[in-house]
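Colleague: First, the structure itself, so that you have it in front of you.
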Amino acid sequence: MAADKKLKLQRAAQVLRLRTTAVLTAKALTDTTGNTQTASQATSGASGQLGGGAACRISVVVKRAAHGCNLKQINGQEIAQETSTIDRSSTIKLLPDKFFEMPEITVTAFAKGGSAGTHGTINANSGNVCTDNGSNARGDTHALAAKAVFVRRSAEAYDQVVLTAGAGNAVTCAELPKTDDGRVPTRAEVAAAICTGLTTTIPTAEDLNPTTGTEVSELPEMATIGRQLLITPAEIKAMPKGQVSEKVKE
């Protein structure tokens with residue numbers, strides 16, 4: 002029984018560990034719609050897919066988008082101040098499942114002017130645009146621009162959602178998932194893991210009361226240990242047969 006409980010706790014810990022890893026990874030993949038894009042000087046595109054023209058490389062600096070994931074709090078409390086135990090009726094919130102969807106990458110390229118494909122002409126850069134004088138793509142004769150944007154497929158907000166929808170948002174027990182390192186645990190599985198942790202206890206040692214203590218002392222194994230540790234071979238030989246077990250109990 003203890004081994005079964007230990008296995009359940011290990012599986013529950015794995016569920017929470019995988020969910021935490023997914024949160025930390027997804028948190029780094031925030032939207033970049035407000036990013037900073039900078040173009041480098043245009044170079045020859047002879048080795049590119051078009052076999053000629055110009056290549057304009059754009060570097061993108063990501064600005065982190067704010068969302069409802071506060072890694073410094075547990076159940077709305079600072080980690081250093083949270084209660085030692087969580088009541089099963091407590092409201093626990095997680096990030097929505099769609100938060101873990103990978104973002105899409107949108108890349109847009111623009112060309113302007115009859116000589117836009119000649120990198121020697123558009124050899125200046127302004128912002129994310131390669132131009133012929135580095136001022137403004139709309140006012141220049143020759144220009145090549147590119148824009149890269151990372152956008153999440155889902156428009157769902159980053160606000161946290163309630164873990165379970167039961168009566169009073171109470172955590173309910175369910176079957177833990179089998180070991181699977183290839184996906185993000187669902188809210189139901191996280192709830193099952195938390196419930197397992199709240200309801201599963203493994204005794205660290207056998208609780209011996211006077212009755213069980215007497216039973217243990219009468220075990221043949223204990224008599225053997227007692228004879229080896231407490232009574233010398235010479236003393237055992239000198240004792241009547243019936244007194245050995247009584248001596249061990251003492």
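The numbers in the sequence shown follow this note's numbering, run straight up by one, and end at 251.
All C-beta atoms in this analysis are idealised placements derived from N, C-alpha and C, irrespective of residue type, glycine included.
1) Leaving out five residues on either side along the sequence, give the residues of the same chain with a beta carbon under 7 Å from the beta carbon of valine 130.
2) Are the Cβ atoms of aspartate 98 and threonine 22 separated by less than 8 Å?
3) Do valine 16 and leucine 199 have their C-beta atoms closer together than 8 Å?
4) Buried or exposed for alanine 193, going by 16 or more other Cβ atoms inside 10 Å?
5) Give the DSSP-derived three-state secondary structure of alanine 193 in the structure shown.
6) Cα-Cα, which of Thr26, Glu190, Ala235 is closest to phenylalanine 100?
7) Taking the alpha-carbon of glutamate 190 as reference, which of Ala14, Leu8, Ala55 has the nearest alpha-carbon?
8) With asparagine 126 as the anchor, note down where its beta strand (DSSP E) starts and where it stops.
9) Rounded to whole angstroms, what is the Cα-Cα separation between glutamate 157 and lysine 94?
10) Report the three-state DSSP secondary structure of threonine 44 (helix, strand or coil).
11) Could you tell me the distance, in whole angstroms, from the CA atom of asparagine 134 to the CA atom of asparagine 124?
12) Are the CB atoms of lysine 9 and threonine 201 nearer to each other than 8 Å?
13) Would you kindly work out how many angstroms separate the C-alpha atoms of serine 60 and aspartate 141, rounded to a whole number?
14) My assumption, with CB atoms under 8 Å, is that leucine 96 sits in contact with valine 24. Please give the rounded CB distance.
Modeller: Taking the geometry as given:
1) For valine 130, same chain residues with a beta-carbon under 7 Å away, outside a window of 5 residues either side, are Ala40, Ala138, Ala144, Ala146 in chain order.
2) No, Cβ-Cβ distance for aspartate 98 and threonine 22 is not below 8 Å.
3) Not a contact, by the Cβ cut-off of 8 Å.
4) By the beta-carbon neighbour count (other beta carbons within 10 angstroms, threshold 16), alanine 193 is buried.
5) DSSP places alanine 193 in helix when its eight states are reduced to three.
6) The shortest C-alpha separation from phenylalanine 100 is found at Thr26.
7) Closest by alpha carbon: Ala14.
8) Note, asparagine 126: beta strand (DSSP E), 125 to 127.
9) Only weak support is given to the placement of glutamate 157: the predicted model assigns it a pLDDT of 49, under 50, and the value that follows is read from those uncertain coordinates. A direct Cα-to-Cα measurement between glutamate 157 and lysine 94 gives close to 16 Å.
10) Under the three-state reduction of DSSP, threonine 44 is assigned to strand.
11) Going from the Cα of asparagine 134 to the Cα of asparagine 124 covers about 8 Å.
12) Cβ atoms of lysine 9 and threonine 201: closer than 8 Å.
13) Taking the straight line from one Cα to the other gives about 22 Å.
14) In this structure leucine 96 is in contact with valine 24, their Cβ atoms being roughly 6 Å apart against a cut-off of 8 Å.
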